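Trainee: Read top to bottom, the protein sequences are chains A and B.
Just so we're aligned, residue 1 is where the first sequence starts under the working numbering, counting upward by one.
Just so we're aligned, residue 1001 is where the second sequence starts under the working numbering, counting upward by one.
Ideal placement from N, C-alpha and C gives every residue a C-beta, glycine not left out.
None of the values given here were measured: they were computed from a predicted structure.
Before I ask anything, let me first share the structure, which is written out below as structure tokens.
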Amino acid sequence: MAPKRAVLLCVLIFLFAAPVTAVSVERTLTSSENNLEVTLTVMDIPVGGIVETIPESCTWAGTDHPDDQTRVSGQKIAFAVIGEEAIRYRVQGPSEAGKEIAGTWENLQTGESGVVGSDGPGDSGEVAQTAAPATPGFEWAAALAALAVLCARRCGR
Amino acid sequence: MTRKLLLLACCIFLLAGSAAAIPCDRDGDGTLTASELAAAILDSLDARFMGGTVQAPSPDDLRDAAFVYEHWDGRALTITDSSGRTTTLTRPLRRIALFNSDSLEMLRSIGLGPDRIVGVSKYALEDPTYFPEYQGKANLGSVWSPDYEQAAAVRPDAVFLYATISQSSCDDIEKTLASIDPTIRFFRFDSYRPAAYADEVRTMGLLLGKAEGAERFLAFHGSVMDTVAERIASIPADDRVPVYLESWNDYKSAGKGSGYDEKIELAGGRNIFADTTIEYPVVDPEAVISRNPDVIVKIVGAGELVFGGYGDDDPAPFEAVALAIENRPVWDQISAIKDGRVHIIHSDAIGGPEYFIGVAYMATWFYPDLFPDLDPRAVHQQYLSEFQRLDYDLDEHGMFVYQA
């Protein structure tokens, strides 16, 4: 592991450790050739929303989630969560792009929101442990997710 | 004061919006479908994070819609409270003011936290040991001396009052607050009467989206009450233990239909003054001697006997009360005194929503052989730890019962 990445992980662990209550949405990636299948595992969000941002190198390829609960706009995909415990979607793109997917979730019952945790190809698994704090303020979580992606991109270079 | 209230009333009218329709019910048919809710969620996410220009619901509408869908099957909820009043709601209650601290305890039993409570009675604020999380909430005063300015200032969407006690005072509160803000909903619950207890727990659970918590609590409550009921069922009425119950006022007992009469009956006892129609009669000491109870139960914790409970660990005052009863003239002829069956119990273990703890205690006092496995103290501890979510150890603190 590169020193910069180790530092980034330490910083993220520090940032996320204090307010964590439970991981509410986890992301699992599986890749084959130029296809990425993304599974979002949703925990304890009876009604809520998730917004995923896929990198420019990826194109949207579909989802098993109901059509009327899914909206795609450019590189952003919104999912309405109404009782589902898993959401699967597919994108086309290089397998290493998976780690650049960023997402935020919102629980409409509790008002909590957070960053979608990820655990996929190219990731050590440690990132999943650091993600998804329960915090008030969806915008804050979105900003933090964007920052994490930016840092990850820089560290990856 | 009047000017301030008028100003508050004006502000409330300006702030009040339409509350009749179910939020996000786009076709207005009175049912929020999954599709309608999904569209509202997506519109909201789209507008906030995807650069969309759709007309998105407000965050409040979206949260309320999520609640209605999740807890009320997407429909308006019509409930009947303990006063018999029927109310229909299309949105959840988010700002509740409680003049009834028994209901505050019941809400905690079903899992409602303090977030949705905006004001509480002065009695809850005067009890930081039992209601620590409510310290700092607005002080609404009491049913008998309400602080209308505070009550209006917290802009409640619902006010909880007693159903069957202090009715005229509760009526006055309702009338005054309704004149300030006609959108306030009023709910009447007693939260301590055994006969209405389970219904009230279920109604509150449904009302506040805590139906699962209500059932979980009722399972616990039922495990105690059903055990007692099953074991005493076989005892013929004439063979039931005769009991003299005395409140914190000397010789003030419980007549037919009173709360304590009901609790004695639930514990399998026979109230020796059940033939009295006055709810809480002052009885002749001679009558107690002649009716010769097998068990005497004395309530402390109020009136001139304010000691014990959660904030007091000293058994001495309990001992003094028991001794005073034993030393009453000619009372040494009473079976209960001859047999050492005088029991003191604090009102915090029998007088409110925790009444079933007191019933469990009484059942073990009346029929010790029938309940060797019933541990009322353990029931009490579980109630505190699991349902009241209090960090309070009965082995270290508190004084609730005493046997002479």
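If we count the other Cβ atoms within 10 Å of its Cβ and call it buried at 16 or more, is Q69 (chain A) buried or exposed?
Mentor: In the first sequence, counting from the first residue as 1, residue 69 (chain A) sits at position 69. Flag for Q69 (chain A) reads buried.
Trainee: Per DSSP, which one or two residues make a beta bridge with L1089 (chain B)?
Mentor: Walking along the second sequence from the start, residue 1089 (chain B) turns up at place 89. BP columns for L1089 (chain B) point to B:L1077.
Trainee: Who are L29 (chain A)'s beta bridge partners in DSSP?
Mentor: The residue you call residue 29 (chain A) lines up with position 29 of the first sequence. Answer is A:V38.
Trainee: What do you get for S1103 (chain B), buried or exposed, if any count of 16 or more other CB atoms within 10 angstroms of its CB means buried?
Mentor: Residue mapping note: residue 1103 (chain B) aligns to position 103 of the second sequence, counting from 1. Classification for S1103 (chain B): buried.
Trainee: Opposite F1187 (chain B) in the DSSP bridges: which residues?
Mentor: Looking up residue 1187 (chain B) in the second sequence gives position 187. In the DSSP output, where bridge partners are listed per residue, F1187 (chain B) has B:F1160.
Trainee: Going by other Cβ atoms of all chains shown within 10 Å of its Cβ, with 16 needed for buried, is V1201 (chain B) buried or exposed?
Mentor: Along the second sequence, one-based indexing puts residue 1201 (chain B) at 201. Under this definition V1201 (chain B) is a buried residue.
Trainee: Give the secondary structure of Q1403 (chain B) by DSSP, where H, G and I count as helix, E and B as strand, and everything else as coil.
Mentor: For the purposes of this step, residue 1403 (chain B) is identified with residue 403 of the second sequence, where counting begins at 1. Q1403 (chain B) falls in the strand class under three-state DSSP.
Trainee: Give a yes or no on whether the C-beta atoms belonging to I1325 (chain B) and A1404 (chain B) are separated by under 9 angstroms.
Mentor: Position 325 of the second sequence holds residue 1325 (chain B). Position 404 of the second sequence holds residue 1404 (chain B). For I1325 (chain B) and A1404 (chain B), yes; Cβs fall inside 9 angstroms.
Trainee: Are the C-beta atoms of E1070 (chain B) and some chain A residue less than 9 angstroms apart?
Mentor: Here residue 1070 (chain B) refers to the residue found at position 70 of the second sequence. Yes, E1070 (chain B) counts as interfacial toward chain A.
Trainee: Return yes when the Cβ of E1319 (chain B) is within less than 9 angstroms of the Cβ of N1249 (chain B), no when it is not.
Mentor: On the second sequence, residue 1249 (chain B) is found 249 positions in, with the first residue counted as 1. On the second sequence, residue 1319 (chain B) is found 319 positions in, with the first residue counted as 1. No, the pair does not count as a contact, with Cβ atoms beyond the cut-off.
Trainee: Got a sec, what are the start and stop residues for the alpha helix (DSSP H) I1173 (chain B) sits in?
Mentor: By one-based count along the second sequence, residue 1173 (chain B) stands at place 173. Here the alpha helix (DSSP H) through I1173 (chain B) covers Q1167 to I1180.
Trainee: Smallest Cα separation from P1353 (chain B): which of B:D1157, B:G1084 and B:A1196?
Mentor: The residue labelled residue 1353 (chain B) in the question sits at position 353 within the second sequence. Comparing Cα positions, the closest option is B:A1196.
Trainee: Identify the continuous alpha helix (DSSP H) that holds A1214 (chain B) and give its terminal residues.
Mentor: Translated into the one-based positions of the second sequence, residue 1214 (chain B) becomes position 214. From DSSP, the alpha helix (DSSP H) with A1214 (chain B) extends over A1211 to I1232.
Trainee: Of all the options B:G1358, B:V1300, B:S1101 and B:L1042, which has the alpha carbon lying nearest to the alpha carbon of Y1130 (chain B)?
Mentor: Counting from one through the second sequence, the residue named residue 1130 (chain B) turns up at place 130. Looking at the Cα atoms, B:S1101 is the closest of the given residues.
Trainee: Between the Cα of A1047 (chain B) and those of A:V47, A:K76, A:E33 and A:E96, spot the shortest distance and give me the residue it belongs to.
Mentor: Working through the second sequence from its first residue, we reach residue 1047 (chain B) at position 47. For the residues A:V47, A:K76, A:E33 and A:E96, the minimum Cα distance to A1047 (chain B) belongs to A:K76.
Trainee: Does D119 (chain A) come out as helix, strand or coil in the three-state DSSP assignment?
Mentor: To locate residue 119 (chain A), count along the first sequence from 1; it is residue 119. For D119 (chain A), the predicted structure reports a pLDDT of 48, less than 50, and the residue's modelled location is therefore unreliable. The matter cannot be settled from this model.
Trainee: For P1059 (chain B), does the three-state DSSP call read helix, strand or coil?
Mentor: Start at 1 with the first residue of the second sequence, and residue 1059 (chain B) comes out as number 59. In this structure, P1059 (chain B) counts as helix in the three-state DSSP scheme.
Trainee: Does DSSP put G1303 (chain B) in a helix, a strand or coil?
Mentor: Position 303 of the second sequence, counted from the first residue, corresponds to residue 1303 (chain B). If DSSP states are grouped into helix, strand and coil, G1303 (chain B) belongs with coil.
Trainee: Relative to the C-alpha of D1025 (chain B), which residue among B:T1090, B:G1052 and B:G1051 is closest?
Mentor: Residue mapping note: residue 1025 (chain B) aligns to position 25 of the second sequence, counting from 1. The candidate whose alpha carbon is nearest that of D1025 (chain B) is B:T1090.
Trainee: Given this structure, state the Cα-to-Cα distance separating R1216 (chain B) from A1378 (chain B), to the nearest angstrom.
Mentor: For this step, residue 1216 (chain B) is matched to residue 216 along the second sequence. For this step, residue 1378 (chain B) is matched to residue 378 along the second sequence. Distance between the alpha carbons of R1216 (chain B) and A1378 (chain B): 18 angstroms.
Trainee: Would you mind sorting M1050 (chain B) into buried or exposed? The rule is 16 or more other CB atoms within 10 Å of its CB.
Mentor: Here residue 1050 (chain B) refers to the residue found at position 50 when the second sequence is read from its first residue. With 16 or more Cβ atoms within 10 Å of its Cβ, M1050 (chain B) is classed as buried.
Trainee: For L1062 (chain B), which residues in chain A fall below 7 angstroms Cβ to Cβ?
Mentor: Position 62 of the second sequence, counted from the start, is the residue given in the question as residue 1062 (chain B). Here the neighbours are L108.
Trainee: Of all the CB atoms in chain A, is at least one closer than 9 angstroms to the CB of M1204 (chain B)?
Mentor: Position 204 of the second sequence, counted from the start, is the residue given in the question as residue 1204 (chain B). No, its Cβ sits nowhere closer than 9 angstroms to a Cβ of chain A.
Trainee: Bridge partners of K1338 (chain B), per DSSP?
Mentor: What you label residue 1338 (chain B) is simply residue 338 of the second sequence in a count that begins at 1. According to DSSP, which records beta bridges pairwise, K1338 (chain B) is partnered with nothing at all.
Trainee: Are any of the Cβ atoms in chain A nearer than 9 angstroms to that of A1038 (chain B)?
Mentor: Numbered from its first residue, the second sequence carries residue 1038 (chain B) at position 38. Yes, contact with chain A.
Trainee: Who pairs with W105 (chain A) in a beta bridge, going by DSSP?
Mentor: For the purposes of this step, residue 105 (chain A) is taken as the residue at position 105 of the first sequence. W105 (chain A) pairs with A:I50 and A:G114.
Trainee: Can you tell which of A:V42, A:E84, A:R88 and A:P46 has its C-alpha closest to the C-alpha of V62 (chain A)?
Mentor: Reading the first sequence from its first residue, position 62 is the one you call residue 62 (chain A). Note that residue 62 (chain A) corresponds to Gly in the displayed sequence, not to Val. Selected option, being the one with the closest Cα: A:R88.
Trainee: Kindly indicate if chain B contains any beta-carbon less than 9 angstroms away from that of I82 (chain A).
Mentor: In the first sequence, residue 82 (chain A) corresponds to position 82, counting from 1. Cβ-Cβ to chain B under 9 angstroms: yes for I82 (chain A).
Trainee: Establish whether the CB of G1052 (chain B) and some CB of chain A are separated by less than 9 angstroms.
Mentor: Residue mapping note: residue 1052 (chain B) aligns to position 52 of the second sequence, counting from 1. Chain A contact via Cβ: present.
Trainee: Given a threshold of 16 other Cβ atoms within 10 Å of its Cβ, counted over all protein chains shown, does D1190 (chain B) qualify as buried or as exposed?
Mentor: The residue given as residue 1190 (chain B) occupies position 190 in the second sequence. So D1190 (chain B) counts as buried.
Trainee: Do the CB positions of G103 (chain A) and L1042 (chain B) come within less than 9 angstroms of each other?
Mentor: Mapped onto the first sequence, residue 103 (chain A) falls at position 103. Mapped onto the second sequence, residue 1042 (chain B) falls at position 42. In this structure, L1042 (chain B) does not lie closer than 9 angstroms to G103 (chain A) by Cβ.
Trainee: With a Cβ-Cβ cutoff of 9 angstroms, do T1176 (chain B) and Y1148 (chain B) count as a contact?
Mentor: For this step, residue 1176 (chain B) is matched to residue 176 along the second sequence. For this step, residue 1148 (chain B) is matched to residue 148 along the second sequence. Contact: yes.
Trainee: List the residues that DSSP assigns as beta-bridge partners of H1346 (chain B).
Mentor: Locating residue 1346 (chain B) in the second sequence gives position 346, where the first residue counts as 1. Per DSSP, B:V1300.
Trainee: Return the Cβ separation of Y1367 (chain B) and I1232 (chain B) in integer angstroms, given the expectation that the two are a contact with Cβ distance under 8 angstroms.
Mentor: By 1-based counting over the second sequence, the position of residue 1367 (chain B) is 367. By 1-based counting over the second sequence, the position of residue 1232 (chain B) is 232. Right, the Cβ-Cβ distance comes to about 7 angstroms (below 8 angstroms), so this counts as a contact.
Trainee: Please state whether the Cβ-Cβ distance between W1365 (chain B) and R1328 (chain B) is less than 9 angstroms.
Mentor: Translated into the one-based positions of the second sequence, residue 1365 (chain B) becomes position 365. Translated into the one-based positions of the second sequence, residue 1328 (chain B) becomes position 328. Against a cut-off of 9 angstroms, the Cβ pair of R1328 (chain B) and W1365 (chain B) comes out as no contact.
Trainee: Nearest by alpha-carbon distance to R947 (chain B): which of B:R1094, B:T1164 and B:P1114 is it?
Mentor: There is no way to answer for residue 947 (chain B), as the model of chain B reaches only from 1001 to 1404.
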